[in-house]
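For reference, the structure discussed in these notes is given below.
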Amino acid sequence: MYKKYEQLKEIIASYESLVVAFSGGVDSTFLLKTAYDVLGDKAIGITASTPYIATWEIDDAICIAREIGAKHEIVQKPWIEAIRNNPKERCYLCKHALFSSLLDVAHQKGFSVVAEGSNVDDTKEHRPGRVALGELGIKTPLLDAGLTKEEIRALSNALGLSTWDKPSYACLLTRFPYDKHIDEKALRMVDHAEAYMIDQGYGNIRVRYVEGLARLEIPMEHSLHLINDKRLGDICSYLKSLGFSYVTLDLEGYRHASVMESLNVGV
Numbered sequence: 119m120y121k122k123y124e125q126l127k128e129i130i131a132s133y134e135s136l137v138v139a140f141s142g143g144v145d146s147t148f149l150l151k152t153a154y155d156v157l158g159d160k161a162i163g164i165t166a167s168t169p170y171i172a173t174w175e176i177d178d179a180i181c182i183a184r185e186i187g188a189k190h191e192i193v194q195k196p197w198i199e200a201i202r203n204n205p206k207e208r209c210y211l212c213k214h215a216l217f218s219s220l221l222d223v224a225h226q227k228g229f230s231v232v233a234e235g236s237n238v239d240d241t242k243e244h245r246p247g248r249v250a251l252g253e254l255g256i257k258t259p260l261l262d263a264g265l266t267k268e269e270i271r272a273l274s275n276a277l278g279l280s281t282w283d284k285p286s287y288a289c290l291l292t293r294f295p296y297d298k299h300i301d302e303k304a305l306r307m308v309d310h311a312e313a314y315m316i317d318q319g320y321g322n323i324r325v326r327y328v329e330g331l332a333r334l335e336i337p338m339e340h341s342l343h344l345i346n347d348k349r350l351g352d353i354c355s356y357l358k359s360l361g362f363s364y365v366t367l368d369l370e371g372y373r374h375a376s377v378m379e380s381l382n383v384g385v
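The numbering used here puts the sequence shown at residues 119 to 385.
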């Protein structure tokens, strides 16, 4: 693991300067920290703020970049019109548009390379957005160093990063069925619902939006805790106050990208 870490630093040192696509998640935080340690102010984290990224994630990214000490900027990006109806190829379209923008930002600021935090485990999943990264020449130093998610968490812990055990998240579009127009109000409902559930101690949560219904996905081992939670009535009341007609618990538990089950692809 530590040999891979040294290899990662060598890879980053080979870049003249680096823009890290920074979400504040486990992988991008570890990448930005390592890049800052190697390149100093020649590394910068750029966070794209879009209507379909949870507001609390943007706040997290700001705080985490400050903890690292690295330069960090937020770039406001409006809706990508091609994904308003949540097409099956949304991840490819979104990644291509956003990383094209990051390349422009890098060029304007005089940075030579743009990188993101894909790791070895990501290659085992159906991730159409990776095609766009390859087309645009986006660097993947964690993957190139052969680092797995487990190793990144362990190294993050060793480096004292607060994100070492942070659950994985994804953009809010993944909470909605494919080929359905995404309503701004529904996006905010999901955003506020997940932020609230995290505050209640249910960190690994997905609130899936199904025709106005909130379908809660949490790890199966936490389901009984939620059912017996003395705050359950208050939780349901709050979620319904956001505009959900019903609040349900998915008895199959949390599944990564469960919205893709209808596509019959590996998730």
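Virtual Cβ for every residue (Gly too), placed ideally from N, Cα, C.
Each residue's CA atom was taken as its position, placing Glu312 and Glu370 some 19 Å apart.
For Ala188, no alpha helix (DSSP H) encloses it, and the DSSP letter there is neither H nor E.
Bounds of the beta strand (DSSP E) holding Leu136 are Leu136 to Ala139. Counting C-beta pairs with one atom in each stretch, the stretch 300-318 and the stretch 265-274 have fewer than three that are closer than 8 Å, which means they do not touch.
In this structure the stretch 126-143 touches the stretch 256-263; the number of beta carbon pairs closer than 8 Å is three or more.
Residue pairing by DSSP places Arg333 opposite Arg326 and Thr366 in a beta bridge. Between Ala179 and Thr168, the gap from beta carbon to beta carbon reaches 8 Å or more. Tyr170 and Gly143 have their C-alpha atoms roughly 16 Å apart. If you draw a 10 Å sphere on the C-beta of Thr292, you find 16 or more other C-beta atoms in it, and that means buried. Taking C-beta atoms under 8 Å as the contact rule, Lys298 and Asn237 fail to qualify, at a distance of about 31 Å. Thr173 and Met307 have their C-alpha atoms some 12 Å from each other. Judged by beta-carbon spacing, Lys122 lies beyond the 8 Å limit of Val156, meaning their Cβ atoms are not closer than that value. Here DSSP, grouped into helix, strand and coil, assigns Ser167 to strand. If you compare the alpha carbons of Leu360, Ala332, Ala200 and Glu124 with that of Asp368, the shortest gap goes to Ala332. In its chain, beyond the 5 residues on either side, Glu269 have a beta carbon closer than 6 Å to the beta carbon of Met119. Here Asp145 is buried: its Cβ has 16 or more other Cβ atoms, across all protein chains shown, within 10 Å.
Using a 10 angstroms sphere on the CB of Ser141, the tally of other CB atoms reaches 16 or more, which defines it as buried.
Distance from the CA of His214 to the CA of Ala161, rounded to the nearest whole angstrom, comes to 22 Å. The C-alpha of Tyr210 lies about 32 Å from the C-alpha of Ser363. Val137 places its beta carbon less than 8 Å from that of Ala224. Secondary structure note for Ala233: its beta strand (DSSP E) is the uninterrupted segment Val231 to Ala233. In its chain, beyond the 5 residues on either side, Ser236, Asn237, Val238, Asp240 and Thr241 have a beta carbon closer than 8 Å to the beta carbon of Leu261.
Across the structure, Val232 and Thr152 are spaced so that their CA atoms are roughly 15 Å apart. Looking at the DSSP output, Val193 shares a beta bridge with Ala166.
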